[in-house]
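Residue numbers (the numbering used here): 734 to 1435. No residue lacks a Cβ here, since even glycine has one placed at the ideal position from N, Cα and C.
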Amino acid sequence: MQVYNIKQNTYTAATPYPVAAGMMGFGIDGNKIICAGGWDGVGAIANSYKGVINPANHLDIAWSAIPNYPGGAVTRMASYFVQKGGGKGVMMTGGAIGGATLTNKTYLFNTGCEVWDSTVVNSQARSNFKAAGRGDSVAWVVAGFTTVGVGTTERITFSSISCNLFAHDVASLSINAPPLGIALPSPPITPQATVNNVGTSTESFNVTMTISPGGYSSTKSVSSLASLSSVNVNFDSYNPLPGNYTVTVYTQLSNDENRSNDTIRQSLTIIQPNYGGGGTGTGGYYFANSTPGASVAPSQPTYCRVDTGGSTTLVSNSVAAVPITSGSLDDGYWLLTDVAGAKRIKFMGVEYDDIYVGTNGIISFVAYTPDGGNWYPPATGLPGPGAGSPVRPAIYPAWNDLNWGNTSQPINRLSYKVDAAKNRLIVTFDRAPLFGGLATEWETFQVCIDLVPVASGSNSNITISHDNSTSVIQANYLVGIQDATGANYIQYTYINGAGNVITPGPLFDTTAGGGVSVTFGPDPTLLNGPCEKILGLTMNFEVCNSPSQVFVLLRNATSPYAIVDSVVGTAGIDLQYPIYFENAANGVPYYVVVRSVNAVETWSSSTVTFNGGSTTYDFTTALNKAYGSNQILNIGGVPSLYQGDTDQDGNVSLTDVLNVYGVLQIFGSTPATNLDCTGGTDLSDLIVAFNNSKNFIITQRP
């Protein structure tokens, strides 16, 4: 707190404000300072305080809490002192609830009876504006911010300010917890409300909070609350779950003479920022990101950046390599036609072959007016068409104000690549320059969209990857997807124009050279991302009854059956294990080939095809699931891979028998000769090798 000396033109420190905050409303009535709301560096607050100035020392201010601001946690409201007759107070109007949601509510703190009164609403829901007046019954509020700056001036006139109190009148003043928005995971919350006694009698009464839907209800007792006093009431613990809710608080004084102030309500939104979707209004899409917070989801991608080799450059180092279709390098787009070839992009149930790559972090499926004010996303997030012409249906990997013509950041590239072999389209924004940004300010992100067969019946998976090298995220920043009508959408990240995080989907991790990928797709079990394909492999070994190391190959379906990928994994004991590949493609058939240190190389009898990044193969359902029925029923009757090929030459021969016998004679053991996984090479291992050698067991392949 600083006091300005108008004669000496100096500031002097006074008694500090009770909390570190800014952007609050305030006014002065004689020696009383009334402050309410504001921002404490973490979030908006509803706290209100009265400061009484010591007349003998104006730097000595006695601060005390007064009832919380009735409008909730509000920032940047207009405020001014007013009086009418013998009544006086500090008027506050408008502002941003939670620092984000604009409001037009107006309240007066009556400095005579020290209570908040509601009054008529402002003509506009706006924030960042000022009030002025002459200290009489009129306050003027000027300008402000709605979704853009406005120049509206309004007069607020008070016809009366009085302390004509009822004998019995209690009120619900504010809901302090839960806050307006909660991001999961979250510990249980202790809901809290402030109630006050605005009557002349001491009162005892009940107060109830409900949260609906969900059935939460908690009632607490308030005892002997003095006239013109308030109290915070804590309710039973609440476990947040994703959804949209209404929080209601109401007092229950049986002889209350003024029921109009008994009840207050506010909205509550609880989101899971790491995974979710699939409900009404999502278009059937689910999402999961690559952070540990999504590890409990049915599937999740790993962070990766797809190779951009062979890409077509649209703009490089602030110079267009391909003429822009509409607009400019600041606000424009390139129309890319027939990008899917014989395949399609299926988005929100509609197939597309053309896309519009926008300079401002947008990939649209329809033409739009790029300089129509939509260089930034809708002021309230999705659903919405943007401030200018509609930009939907679209994918928003990073919708914010970029300018590829900004030469202050001279090293940049926007490119796209159609990878027909892996059925995907990659659009890469490398060091995208911010509008008005410096040389050190850029954003790097990539979009990978699966290409699907015509009339496939399944929406494309979409993976958006944000690189940690990004130096700046500009306010008014949105990541998500939206259909043509706005009825179906997922908003993953949204930072509004005031810089407040509304939807906190993570975009960065703490790994050097890393980042965060988020995949949107129609199947929650197939959100694996573009850099991995998962084979659910079920198999069994002839005599090894524990999961063991395997070498799994994917081979092309046509001669000469070239190896596409080869990885090391764990499998066995008739259970499904995930095997991760990097080089496989969706929609392409492959043979599955399994090896181990002593198993006979075994091929699948049919091919597998990855769909949405996943597929399965089960060797154990029948002998003929192996090519040439090259399996044996183990002692439990489960089709199993032959063992005994200790030198991995493709057959079990006398050499393998001698290998097992030699280790057995010296009472030793090796992974290649310990066929039954018991920890040592013994006679049972020798018998298995001998029998399979006698039966001429060899690899069988197409």
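Can you give me the start and stop residues for the alpha helix (DSSP H) that residue i sits inside?
i	result
S1417	L1416 to K1427
For residue i, which of helix, strand or coil comes out of DSSP?
i	result
N994	helix
F1352	helix
P1025	helix
Y1222	strand
N1357	helix
A833	coil
K1155	helix
S781	strand
S1000	strand
R1059	Reading the sequence as shown, one finds Ser at residue 1059 and not Arg. Residue state, collapsed to three classes: strand.
S1362	helix
C1410	coil
Y750	coil
R1288	strand
Y1375	coil
G1121	Note on G1121: pLDDT 47, under 50, position unreliable in the model; the coordinate value appears next. Reduced to three states, the DSSP call for G1121 is coil.
D1134	coil
S934	coil
T1102	coil
I1431	strand
Y1109	coil
M1272	strand
N696	Limits of the chain in this structure are 734 at one end and 1435 at the other, which puts residue 696 out of reach.
I1095	strand
R809	coil
R1038	coil
Can you name the start and end residues of the beta strand (DSSP E) that residue i belongs to?
i	result
I1396	Note on residue identity: the sequence assigns Val, not Ile, to residue 1396. First-last for V1396: L1387 to Q1398, but that is the alpha helix (DSSP H), not the beta strand (DSSP E).
Y971	Per DSSP, Y971 belongs to no beta strand (DSSP E) and is neither H nor E.
F1314	L1308 to F1314
V1090	I1088 to G1091
G1248	G1248 to G1254
N929	Q925 to N930
W772	Premise fails: W772 is in no beta strand (DSSP E) and is neither H nor E.
S1198	I1195 to D1200
F759	G758 to D762
D793	N790 to I799
Y1008	Y1008 to G1010
Please work out which residues of its chain come closer than 6 Å, Cβ to Cβ, to residue i, disregarding the five sequence neighbours upstream and downstream, and give them in chain order.
i	result
G1016	M1081, D1216 and N1221
P751	Y782 and W796
S1417	D1409
Q1224	G1114, L1115, G1213 and T1236
Q1309	G1269 and T1271
F1178	P1130, A1131, F1162 and H1199
N994	A904
G1119	The pLDDT assigned to G1119 is 49, lower than 50, so where the model puts this residue is not dependable, and the model offers no usable value.
Excluding five sequence neighbours on each side, which residues of the same chain lie with their C-beta closer than 7 Å to the C-beta of residue i?
i	result
V1316	In the sequence on display, residue 1316 carries Asn and not Val. Answer for N1316: V1297 and D1298, listed in chain order.
S1204	T1173, E1174 and W1175
T890	S870 and V871
C1181	V1039, R1157, I1159, T1196 and P1263
V883	Q857, R859, A876 and G877
Spatial neighbours of residue i within its chain, please: C-beta separation below 8 Å, excluding the five flanking residues on both sides.
i	result
V1187	A1075, K1076, R1077 and E1084
N1273	G1305, I1306, D1307, F1352, T1353, N1367, V1371, P1372, S1373 and L1374
F759	I766, I767, C768, A769, S812 and V823
With DSSP as the reference, identify every bridge partner of residue i, one or two as the case may be.
i	result
K821	Q816
E1084	K1079
K953	V940
F899	Partner(s): none; F899 has no beta bridge.
Q985	N939
A1053	V1048
C846	Partner(s): none; C846 has no beta bridge.
F1162	L1147 and F1178
L1171	Answer is none; L1171 lacks a bridge partner.
N787	N790
Just to check, is the beta-carbon of residue i closer than 7 Å to a non-hydrogen atom of the ligand NAD?
i	result
N1201	Absence of the ligand NAD from the depicted structure is noted, as is the absence of any ligand whatsoever, leaving it without description.
Report yes or no: do the stretch 817 to 831 and the stretch 761 to 770 share at least 3 C-beta pairs separated by less than 8 Å?
yes
Closer than 8 Å is the cut-off here; do at least three beta carbon pairs connect the stretch 1129 to 1139 with the stretch 1156 to 1169?
yes
For the 8 Å Cβ check, are there 3 or more pairs between the stretch 1122 to 1132 and the stretch 1084 to 1100?
yes
Could you tell me whether the stretch 1376 to 1392 touches the stretch 1308 to 1326, using the rule of 3 or more Cβ pairs below 8 Å?
no
Evaluate contact between the stretch 920 to 935 and the stretch 969 to 978, counting only Cβ atoms and requiring at least three cross-stretch pairs below 8 Å.
yes
Check whether the stretch 1233 to 1252 and the stretch 1284 to 1293 touch, using three or more Cβ-Cβ pairs below 8 Å as the test.
no
When you compare the stretch 1010 to 1025 with the stretch 941 to 950, are there three or more beta-carbon pairs, one atom per stretch, that lie closer than 8 Å?
no
Inter-stretch contact (C-beta, 8 Å, three-pair minimum) for the stretch 1414 to 1432 and the stretch 1286 to 1295:
no
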